[in-house]
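>
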Ligand SMILES: [Fe+2]
Ligand SMILES: [Fe+2]
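In my numbering, the protein residues as written are 48 to 355.
1) Between the beta-carbon of residue 179 and the beta-carbon of residue 251, is there less than 8 Å?
2) Going by beta carbon distance, what residues of the same chain come within less than 6 Å of residue 48, once the five residues before and after it are set aside?
3) With distances taken between CB atoms, is the gap from residue 189 to residue 199 smaller than 8 Å?
4) Just verifying my parser: in three-state terms, what is the DSSP assignment at residue 352?
5) Is the stretch 246–260 close to the stretch 302–320, with three or more CB pairs under 8 Å?
6) Could you have a look at residue 49 and say whether DSSP puts it in helix, strand or coil?
7) What first and last residue would you give for the beta strand (DSSP E) that runs through residue 292?
8) For residue 340, name the three-state secondary structure that DSSP assigns.
9) Contact check, residue 63 vs residue 89 under 8 Å by CB: the rounded distance?
10) Buried or exposed, going by whether 16 or more other CB atoms sit within 10 Å of the CB of residue 192?
11) Would you grab the beta carbon distance between residue 298 and residue 311 for me? Rounded to a whole angstrom, and I think it's under 8 Å.
12) What does DSSP give as the partner residues of residue 180 in its beta bridges?
13) Taking only runs that begin and end inside the stretch 108–133, name each unbroken beta strand (DSSP E) of 3 or more residues, in chain order.
14) Using 8 Å as the threshold, is the C-beta distance between residue 3 and residue 264 below it?
15) For my contact list, residue 142 and residue 227 are in at a C-beta cut-off of 8 Å; report their separation, rounded to the angstrom.
16) Would residue 214 be called buried (16 or more neighbouring beta carbons within 10 Å of its own) or exposed?
17) Three Cβ pairs or more, each shorter than 8 Å: is that satisfied between the stretch 232–241 and the stretch 146–156?
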């Protein structure tokens, strides 16, 4: 397989399909096996890897290396789990330093990150600028009846539904996760504005860019760990053909203002068992596949899986 420099896909290869997957969570052996068993794509296939690969750097590296060996071009964005400083990970880096460590790992492997020039997909359904985003969240997806971060967090603690990020996702050197989020938005906006206005985009973010997909969370209070209101109009403003995201573990297709939104998570084994109607597969982004709707509710009567 030829390896073009990071950010510059090999132009000599005929483009195939633009595919996506997120929330591989390979610390679960069944998910790790699923990744190990993925058949190689054609050299022209691109794979968007949309965060939450694992908690340990060693497992993240195994996953990225495995995927890179199977797909001509791989694009990665971090999820919250990838950025955790988990007590079981011997790599003790936190916050921005951990993110930069993973970016350096991707560069070594020839994988495109949010820090690289945005590549252009010229295959079927293109051209479209592929925009890997790392934005995080700022607690503005507030539960009903709350109007500040403090009230939203307080409600979460009283309900007992608390994002594990509160324990494991450290924002160093920023004073808070929302400050880190703001820095990411400030750094990203000028780059988005500079994209050729003639070209549509594929916006790729672990966290959903709008509040809408979180409306069906079983625990609505969890939405505060899912995104920021500051990106609510980015799909229109930056000409998205599709917004690709994960994090919610509710794989499906939705439309907002005519723009397609694809939640591409694999999710945990227990969620897969609970929803056998959801095929475990790489999701075609371009050319697009059929829209995926939620299947019937599981036998225990719960309507939706909990958010992650
Ligand atoms: Fe996840
Ligand atoms: Fe996540």
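Ideal placement from N, C-alpha and C gives every residue a C-beta, glycine not left out.
On the basis of the coordinates in this document:
1) Yes, these two residues count as a Cβ contact at 8 Å.
2) With a pLDDT of 42 at residue 48, under the threshold of 50, the predicted position of this residue should be treated as unreliable, and no value is reported.
3) At a Cβ-Cβ threshold of 8 Å, residue 189 and residue 199 count as neighbours.
4) Here residue 352 scores only 47 on pLDDT, less than 50, and its place in the model should not be relied on; the value that follows carries that caveat. Reduced to three states, the DSSP call for residue 352 is coil.
5) Contact holds: three or more Cβ-Cβ distances are below 8 Å.
6) Confidence is the limiting factor: at residue 49 the pLDDT is only 43, short of 50, which leaves the residue's position unreliable, though a coordinate-based value still follows. Coil at residue 49, not helix or strand.
7) From DSSP, the beta strand (DSSP E) with residue 292 extends over 287–292.
8) Three-state DSSP puts residue 340 in coil, outside helix and strand.
9) Confirmed, Cβ separation roughly 4 Å.
10) It is exposed - the Cβ of residue 192 has fewer than 16 other Cβ atoms within 10 Å.
11) Sure, about 7 Å apart at Cβ, within 8 Å.
12) Answer by DSSP bridge pairing, in chain order: 252.
13) Given a length threshold of 3 residues, each whole run of the beta strand (DSSP E) inside the stretch 108–133 is given here in chain order: 120–123.
14) This structure gives no information on residue 3, because the portion of the chain shown stretches from 48 to 355.
15) The Cβ separation is near 7 Å, so the contact holds.
16) Result: exposed.
17) Taking one beta carbon from each stretch, the stretch 232–241 and the stretch 146–156 have fewer than 3 pairs nearer than 8 Å; the two do not touch.
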